[in-house]
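Throughout the sequence shown, residue numbering follows my numbering, covering 137 to 385 in sequence.
The C-beta atom is built at its ideal place from N, Cα and C for all residues, glycine as well.
These figures come from a predicted structure and were not determined experimentally.
In what follows, a single structure is set out as structure tokens and then discussed.
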Amino acid sequence: MTEARQYDVVIIGTGAGGGTLAHRLASTGKRILLLERGDYLPRERDNWDSTAVFVKGKYRAPEFWYDKHGNQFPPEVNYYVGGNTKFYGAALFRMRPEDFAELRHHDGVSPAWPLNYDDLEPYYTQAEHLYLVHGRHGEDPTEGPASAQYAYPPVQHEPRIQQLSDDLEKRGLYPFHLPVGVNLVLSISPSTRSKGMPIGATAHQAGTVRFGHDPQSSALDVNCKAHDLDNLYLVDTSFFPSIGAVNPH
């Protein structure tokens, strides 16, 4: 029998959370093991075909989740090395400062976070530079303060979108470029999604293991470490008290 290898860090999942953590730890000299339920995504023409990816669901995991009525639906999740970052839209917005406070909506209360925008702002900047985000801080009047500008200029509008942007500015509005994490050596495939997205298109597992100061209302502390274990951390969206995009499930 071969001797079992020992690792300093075991990361389960290679998506945005696990992959970013591995990148940060790679230079430390620690022995790191990445575990992923999926294989490498085959590189083929359909990778860039929005109909194959989103409409036909060629790469979607063959599983079903359940809505609040007990009805099955196929979520848009992908189990490959890289997780859902292999197919995400690459729009990388910051949450607004008010998103970290308790917000009351028509359908209920969005709970407050144990951290605020200022606590996370330096890490937003680091992440934006790591993920090659193209954009321009200051265009959107609703965004929070930024300690550094994006490292790359905005992606140029298509002619029709530029015309719309110009027309909105003439009306005194503030259109802004989408902050996108993209390597411009590659082409971007347009999405075919519409306003009438089914529940599977907005199914995000978030908030299932929240972080906080009180072990009675959260499983993790503010550093995402389990309250009752010294060596267990969760770094995906499961620790979110609320989500800054579409509805979580």
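Span of the alpha helix (DSSP H), counted from its first residue to its last, around residue i
i	result
His159	152 to 161
Ile297	295 to 306
Limits of the unbroken beta strand (DSSP E) element including residue i
i	result
Ser169	One detail in the question is off: residue 169 reads as Leu in this sequence, not Ser. Where Leu169 is concerned, the enclosing beta strand (DSSP E) stretches over 168 to 171.
Gly244	244 to 246
Three-state secondary structure assigned by DSSP to residue i
i	result
Arg329	Confidence at Arg329 is low in this model, with a pLDDT of 44, below 50, so the placement of that residue should be treated as unreliable; the coordinate-derived value is given next. DSSP places Arg329 in coil when its eight states are reduced to three.
Gln208	strand
Arg141	coil
Val269	strand
Ala362	strand
Phe347	strand
Leu239	strand
Pro256	Per the sequence shown, the amino acid found at residue 256 is Leu instead of Pro. Of the three classes helix, strand and coil, the one that applies to Leu256 here is helix, per DSSP.
Trp249	coil
Gly317	strand
Ala381	coil
Val146	strand
Ala227	strand
Any non-hydrogen atom of the ligand NAD within 7 Å of residue i CB
i	result
Gly225	Ligands in the displayed structure: none, and consequently the ligand NAD is not present.
From the options, residue whose alpha carbon lies closest to that of residue i
i	options	result
Cys360	Arg167, Leu370, Thr261, Ser353	Leu370
Gly193	Gln341, Pro334, Ser353	Pro334
Asp372	Asp364, Gly343, His349	Gly343
Phe312	Asp243, Val318, Pro290, Leu256	Pro290
Leu314	Arg307, Ile147, His293	His293
Gln298	Gly218, Ala227, Tyr310	Tyr310
Pro277	Arg230, Tyr267, Tyr260, Leu300	Arg230
Pro210	Phe190, Leu266, Ile379, His273	Phe190
Expected contact under 8 Å - CB spacing of residue i and residue j to nearest Å
i	j	result
Gly151	Asn220	6 Å
Asn214	Phe200	Not confirmed; about 15 Å, so no contact.
Ser283	Glu257	6 Å
Gly218	Gly149	That belief does not hold up - the Cβ atoms of Gly218 and Gly149 are roughly 10 Å apart, past 8 Å.
Tyr216	Leu177	4 Å
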